[in-house]
Amino acid sequence: MSEVGTIRCIGLNYKQHAAEVKMSLPSVPTVFMKPHTSIGDPWPAPTVLPKLTQQDDCGDYESELAVVLGPRPAKNVPESQAMDYVWGYTACNDISSRTSQFAQTQWGFSKGFDTACPLGPTMVSPAMIPDPSKLRVRGIKIPLEKKASDEDTMVPLQDCRTDDLIFSVPKLISFLSQGTTLPPGTVIITGTPGGVGIARKPKVTIRAGDEFRVEISPHIGTLVNVFENEQ
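As C-alpha cells, this is what we get:
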C-alpha cells in the first residue's frame with residue numbers, strides 16, 4: 094500500500110453505463126477517492142464484504158481499467174503529454190455498497206471499505222499497450238452454487254471496449270493533475286462499463302463465496318476475487 098500515491102476514481106465514464114442508469118453524459122469527470130486501506134490483492138487473498146453490506150445484500154461489482162502513474166510526479170500536465178506519465182496498467186474491481194452509496198452525496202465511504210479496491214493480477218508496461226482505448230473489459234460473476242466449468246456461469250455481466258469511455262485516459266490524467274500533484278504510484282480507476290448489478294433486472298449482488306473476474310484484454314489478464322463475509 095505504501096507504493097500507491099493516491100487512488101483517484103472516476104464515476105459515470107462509459108456511455109454504455111450512463112445509458113443503463115438513464116443519466117446524461119457529464120461535461121467534466123466525476124471524481125471520488127478511495128483510502129489506501131481499500132487496496133486488495135487477487136485471490137487467494139480474501140475480499141471482504143463488510144457487515145453493513147451484508148445486512149442489506151447490496152454488494153456490487155464494477156470492472157475497471159486502472160492506470161498507474163509514475164515514475165515522476167505529475168502536475169498541470171497537458172493532454173498531449175499525459176501518456177508520458179503512465180507507468181503501467183492493471184485491472185480493478187471497484188466494489189461498492191449500494192445502499193450506503195445512494196444514501197449519501199459522497200461515494201468515498203460506500204466504496205472505501207477494506208479490500209474494496211482489489212488490483213491485479215499484474216501491472217503491464219505502456220509499451221505493451223500503446224493505445225488504452227483499444228482494450229476490452231469484461232466482468233464475470235461465478236456464484237457460490239455454480240462451478241467454474243459450468244458454461245452458463247461464464248457469460249459476462251459486463252462487456253465493453255474502452256473506446257466507449259467518455260473521458261479518455263489522457264484527458265483524465267490532464268484533468269486530475271490541474272493544480273494538483275499526483276505522486277508516483279497514483280492509481281486512476283477509470284470507470285465501469287454497463288452491466289453493474291444494481292442496474293440489472295432482477296438485481297445481481299455479490300455474496301460470500303461468489304467469485305468475480307475482471308478480464309482486460311489484450312495483455313493485462315484476469316483479476317480474480319473470491320468474497321467472504323466480515324465476521
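Just so you know, the working numbering puts 202 at position 109 of the sequence shown, and the rest follows in order with no gaps.
Note that beta-carbon positions come from the ideal geometry of N, C-alpha and C, so glycine has one too.
Next on the checklist: Suppose the cutoff is 6 Å on Cβ atoms and the five residues either side in sequence are ignored; what does the same chain contact list for P236 look like?
Outcome noted: D303
Given this structure, state the Cα-to-Cα distance separating K168 from V179, to the nearest angstrom.
13 Å
So, helix, strand or coil for F260, using DSSP? coil
Quiz item: Taking C-beta to C-beta, are V307 and T298 nearer than 8 Å?
Solution: no
- Message: Per DSSP, what are the beta-bridge partners of Y182 in this structure?
- Response: V160 and V217
#### Entry: Candidates P276, R300 and G284, of which the one nearest C102 by Cα
G284
Worksheet entry | Spatial neighbours of Q197 in its chain, beta-carbon cut-off 8 Å, leaving aside the 5 residues before and after | S203
* Would you check if there are 3 or more beta carbon pairs closer than 8 Å linking the segment 245 to 258 to the segment 159 to 168? => no
Would you say E172 and K264 are within 8 Å of each other, going by their C-beta atoms? yes
Could you tell me the alpha carbon to alpha carbon distance between P119 and A138, rounded to whole angstroms?
36 Å
Reference E321; option with closest CA among M126, A301, I188 and A111: A301
Query raised in the report: Less than 8 Å separating the beta-carbons of G205 and K127?
Result: yes
Contact belief for D229 with I309 at Cβ below 8 Å, rounded distance in angstroms | Contrary to the premise, residue 229 reads as Arg rather than Asp in this sequence. Right, the Cβ-Cβ distance comes to about 7 Å (below 8 Å), so this counts as a contact.
TODO: Mark D149 as exposed unless 16 or more other C-beta atoms lie within 10 angstroms of its C-beta, in which case mark it buried.
DONE: exposed
Quiz item: Cβ of P286 within 8 Å of Cβ of H110?
Solution: yes
Length of the line joining the Cα atoms of T208 and Q174
33 Å
*Helix, strand or coil: which one does DSSP assign to M126?*
strand
Per DSSP, which residues does R165 bridge with? Please list them. According to DSSP, R165 bridges with nothing at all.
Using CA atoms only, rank isn't needed, just tell me which of K227, R165, D177 and C185 is closest to S131. C185
Can you tell me which of the three DSSP states D134 falls into? coil
### Task
Starting from the Cα of G98, find the closest Cα among K115, P276 and M221 and give me that residue.
P276
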